[in-house]
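Novice: FYI, numbering that gives the first Met the number 0 numbers position 236 of the sequence shown as 235, with every residue one higher than the one before it.
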Amino acid sequence: MSKAFEGKKVLVTGGSKGIGKGIAKAFYSEGAEVGILARSEEGLKAAKEEIGNVWTCVCDVTVGKERETAFQNFVEASGGIDVLVNNAGGSSGSKIADTSMEEFAQAMETNYFQAVHFSKMAHEQMKEHGGAVINITSIFGKEAGGKATYNNAKAALISFTKAAGNEWIKDGVRVNSIAPGSILHPTGNWQKRIEEDPEAMERFVDENIPAGRFGNVEEVADAALFLASHEARWLVGTTLTADGGQSRMN
Ligand code: NDP
0 MSKAFEGKKV LVTGGSKGIG KGIAKAFYSE GAEVGILARS EEGLKAAKEE IGNVWTCVCD
60 VTVGKERETA FQNFVEASGG IDVLVNNAGG SSGSKIADTS MEEFAQAMET NYFQAVHFSK
120 MAHEQMKEHG GAVINITSIF GKEAGGKATY NNAKAALISF TKAAGNEWIK DGVRVNSIAP
180 GSILHPTGNW QKRIEEDPEA MERFVDENIP AGRFGNVEEV ADAALFLASH EARWLVGTTL
240 TADGGQSRMN
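So, in structure tokens, the structure goes:
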């Protein structure tokens, strides 16, 4: 039986760990040719051993030249691109009063500008034959909570998703986002916090997540497979919330 993404070329930024690795694995299992980018060569090597024959490239997505080179190399190596997953990102900062303007700018660089650049490069390639761009945002791009630096950048990514979705659909390029809630995986922040204070984290789950548990990377990856699929052909510029009800708890 043929697989859903047989022969499709999928690039996942930050695909060596956590959610990105889960997404890369899901597309690979569905027959796609998958490329992953990350800063750590060792991390990429370990991910490749776990997933299978994926294309890897060391790339700091906050550096423009590295983005261009990595993207071009992927397109040359695989012969094109059908799906881009802008997953790389991360949280930093503190209370607004204690956060410098440089930290605000850095959060935009890490979570937003680089994703815009990757999206523009992907659109340039995809406009001839169509494709899908999937941005990994966060429920904190939609709701208060977390850190302002991160929230602003993820909110900007949701806004970009709407604008690019509407501009690029005429070229057959669908742009959508996923806003995950708290996702537990071995190398992530939640795991660290559980190890530090398991009882506090149990209370956190009880008080904040109606589903009664953290989400897992497979649950985000399934949303990504859906957004890239034919079944989602009428979804344009939208953000799917994948959070077990967390953002509607209060
Ligand atoms: P992790 O920190 O576990 O993994 C991040 C991945 O991105 C790694 O592969 C990392 O590899 C790579 N990465 C980070 N910075 C860069 C960079 N500058 N250049 C290239 N690669 C980079 O994060 P998660 O899997 O938890 O999160 C993934 C995405 O999902 C992020 O955008 C995050 O904001 C979002 N998200 C996560 C949630 C969660 O609960 N985990 C909830 C909501 C959203 P390396 O360090 O080697 O570069």
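Backbone N, C-alpha and C fix where the C-beta goes; we use that ideal spot for every residue, glycine too. All values derive from a computational prediction rather than experimental measurement.
For the region 79 to 91 and the region 2 to 22, state whether three or more C-beta atom pairs, one from each stretch, are separated by less than 8 Å.
Specialist: A contact exists between the region 79 to 91 and the region 2 to 22.
Novice: Just checking Arg38 against the ligand NDP - is the residue's beta carbon closer than 7 Å to any of the ligand's heavy atoms?
Specialist: Result yes, Cβ under 7 Å from the ligand NDP.
Novice: Quick check on Pro179: does DSSP put it in helix, strand or coil?
Specialist: Strand.
Novice: Beta-carbon separation of Asn238 and Ser246 under 8 Å?
Specialist: Checking the sequence shown, residue 238 turns out to be Thr, not Asn. No, the pair does not count as a contact, with Cβ atoms beyond the cut-off.
Novice: In the DSSP assignment, find the alpha helix (DSSP H) that holds Thr231 and state where it starts and stops.
Specialist: It is Ala, not Thr, that sits at residue 231 in the sequence shown. Note, Ala231: premise wrong, no alpha helix (DSSP H); not H, not E.
Novice: Can Val9 and Val82 be called in contact, C-beta distance under 8 Å?
Specialist: Contact: yes.
Novice: Can the beta-carbon of Tyr111 be found less than 8 Å from the beta-carbon of Ala155?
Specialist: A contact, by the Cβ cut-off of 8 Å.
Novice: What residue does the beta strand (DSSP E) around Lys273 start on, and which one ends it?
Specialist: This structure does not reach residue 273, given that the chain is present from 0 up to 249, and the question cannot be answered.
Novice: Would DSSP call Val60 helix, strand or coil?
Specialist: Coil, per DSSP.
Novice: Between the Cα of Gly145 and those of Asn188, Ala46, Thr61, Glu127, spot the shortest distance and give me the residue it belongs to.
Specialist: Among Asn188, Ala46, Thr61, Glu127, the Cα nearest to that of Gly145 is on Asn188.
Novice: Compute the minimum distance between the beta carbon of Cys56 and the heavy atoms of the ligand NDP, and state whether it is under 7 Å.
Specialist: False, no ligand heavy atom lies under 7 Å from that Cβ.
Novice: Counting pairs of beta carbons, one from the region 43 to 56 and one from the region 98 to 107, are three or more of them closer than 8 Å?
Specialist: No: the two stretches stay apart, fewer than three of their Cβ pairs being nearer than 8 Å.
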